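The opening position of the sequence shown corresponds to residue 17 in this note's numbering, with each subsequent residue numbered one higher.
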Amino acid sequence: MILVTGTSGALGGLIHERLTALPDVDVVAGTRTASGDARRIDFDDPDSLADGFAGVTVLVFVSAGYAEDDVVLARHGAVVDAAAEAGVRHVIYTSLAGSGDRLSIAVPHRWTEDRLVGAPFDVTVLRNGLYAEVPVGLALMAAESAAATGVFSAPLGDGRVAVVAREDLADVAARVAAEAYADVRAGRRGRHAGRTYELEGVAEVGGADIAAALSTAFGRPIRYEPGALSDARVVLTTVGLEPYQVGHTISIFSNINAGFLDQRDGDLPALLPTAPRPPLDLIADAVRAGGFVSSSVPAASPR
Ligand SMILES: NC(=O)c1ccc[n+]([C@@H]2O[C@H](COP(=O)([O-])OP(=O)(O)OC[C@H]3O[C@@H](n4cnc5c(N)ncnc54)[C@H](OP(=O)(O)O)[C@@H]3O)[C@@H](O)[C@H]2O)c1
Numbered sequence: 017m018i019l020v021t022g023t024s025g026a027l028g029g030l031i032h033e034r035l036t037a038l039p040d041v042d043v044v045a046g047t048r049t050a051s052g053d054a055r056r057i058d059f060d061d062p063d064s065l066a067d068g069f070a071g072v073t074v075l076v077f078v079s080a081g082y083a084e085d086d087v088v089l090a091r092h093g094a095v096v097d098a099a100a101e102a103g104v105r106h107v108i109y110t111s112l113a114g115s116g117d118r119l120s121i122a123v124p125h126r127w128t129e130d131r132l133v134g135a136p137f138d139v140t141v142l143r144n145g146l147y148a149e150v151p152v153g154l155a156l157m158a159a160e161s162a163a164a165t166g167v168f169s170a171p172l173g174d175g176r177v178a179v180v181a182r183e184d185l186a187d188v189a190a191r192v193a194a195e196a197y198a199d200v201r202a203g204r205r206g207r208h209a210g211r212t213y214e215l216e217g218v219a220e221v222g223g224a225d226i227a228a229a230l231s232t233a234f235g236r237p238i239r240y241e242p243g244a245l246s247d248a249r250v251v252l253t254t255v256g257l258e259p260y261q262v263g264h265t266i267s268i269f270s271n272i273n274a275g276f277l278d279q280r281d282g283d284l285p286a287l288l289p290t291a292p293r294p295p296l297d298l299i300a301d302a303v304r305a306g307g308f309v310s311s312s313v314p315a316a317s318p319r
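Written out as structure tokens, the structure is:
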């Protein structure tokens, strides 16, 4: 049986959905708020892991990174221990792409990868690139102000970030899990065992690209102006983020400024059945879906 953790979340939900659509795959959902056929899996509650991993041969371990690092280390360590105790045969962990090594969020990911080395089961590490939803969020946050002023401002400097559609990452995870499951059932050590895949983003997005997407959505020119990190920090501390989220977000902006996140070569295209989804299209779609189309641009705004 395959168990996918975090199935009420976006990535875990997509991976579970894809696996349930496949023939010859026995898959169960794991989530903190289990109902129906789902199992209760709470990384902060080791008892739920001992029960929840019973009979599982392949575990899709979706990282649960929304907390301070000490909390994330404890919960990820508990998953590794419980998977070993339960006799899981193959663990697939969703980590962070190599280009993100200097991000503050890299710490718990690399720690977890280290903990997985030497575990009594096969491991595949999926080093996920940054989701296209990250610049989409930026675009949406700034959309109203850009519509009013004709300027999109963000603390990205001249940097760009390679991003990937979460749906593509889910496709890869489901494929690897299904193939690992077939290998376990056939009693063989398959091609994904012991592998680390770099699923770097496939298209670079910078401030000017986001401004261009906003221009298309609004039907009028929007200009990009880099903002200061210090101003961004002030704004982030007033919009209701947890303190650790402010630090992680500034770390992402800082890495984009430094040009550390524009890596695009990786294993994603080889593991996808079709071409990766174009991230810039996702940004344009999200801006349109948010209702920020030309009709919502205030009539009095300069054209
Ligand atoms: N590559 C990127 O750009 C990027 C960006 C943001 C986050 N991430 C990482 O990727 C993960 C999945 O992303 P997502 O987009 O699916 O995030 P999401 O939609 O916000 O979902 C968060 C996930 O964390 C799980 N979770 C939180 N606390 C947990 C706990 N104590 N035990 C078990 N699961 C717990 C939730 O599971 P349930 O609610 O189902 O229990 C949920 O699936 C995140 O948790 C984060 O570590 C990556």
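Here a beta-carbon is modelled for each residue, glycine too, at the ideal position from N, C-alpha and C.
Treat the numbers as computed from the prediction; the structure is a model and nothing was measured.
Distance from the CA of PRO292 to the CA of GLU84, rounded to the nearest whole angstrom, comes to 32 Å.
With contacts defined by Cβ atoms closer than 7 Å, HIS106 and VAL200 form a contacting pair. Per DSSP, PRO39 is not a residue of any alpha helix (DSSP H), being assigned neither H nor E.
If you draw a straight line from the Cα of THR21 to the Cα of LEU230, it comes to about 35 Å.
In terms of Cα proximity to THR165, the closest of ASN273, THR140, TYR240 and PRO295 is TYR240. Within the same chain, Cβ atoms closer than 8 Å to the Cβ of PHE59 are found at THR21, LEU65, ALA80, ARG91, HIS92, ALA94 and VAL95, the five residues on either side in sequence being excluded. By the Cβ neighbour-count rule, ASP297 is exposed, with fewer than 16 other Cβ atoms within 10 Å of its own. The residue from ASP174, PRO151, ARG118 and VAL188 with its alpha-carbon nearest to that of TYR109 is VAL188. Just so you know, the alpha carbons of LEU288 and ALA193 end up roughly 13 Å apart.
Apart from the 5 residues on each side of it in sequence, PRO62 sits with its Cβ closer than 8 Å to the Cβ of ALA94, ASP97 and ALA98 in its chain, given in chain order. By the Cβ rule, the segment 208 to 227 counts as touching the segment 275 to 287, because three or more pairs are nearer than 8 Å. Here the C-alpha atom of THR265 lies approximately 32 Å from the C-alpha atom of ALA135.
Under the three-pair Cβ rule at 8 Å, the segment 242 to 258 counts as touching the segment 165 to 176. Burial is judged here by how many other beta carbons sit within 10 angstroms of a residue's own beta carbon; ASP184 has at least 16 and is buried. Taking a C-beta distance under 7 Å as the contact criterion, VAL179 and ALA228 do not qualify as a contact pair. The Cβ atoms of ALA122 and GLY114 do not sit closer than 7 Å to each other. A Cβ-Cβ distance of about 6 Å is found for the pair ALA102 and ALA70, placing them in contact under the 8 Å criterion. Every alpha helix (DSSP H) stretch that sits fully inside the segment 208 to 283 and reaches 4 residues is listed by chain position as 223 to 234, 245 to 252 and 259 to 273.
Considering only SER161, ALA181 and LEU146, the residue with the shortest C-alpha distance to THR290 is ALA181. For ligand 1, no non-hydrogen atom lies closer than 6 Å to the CB of ALA98.
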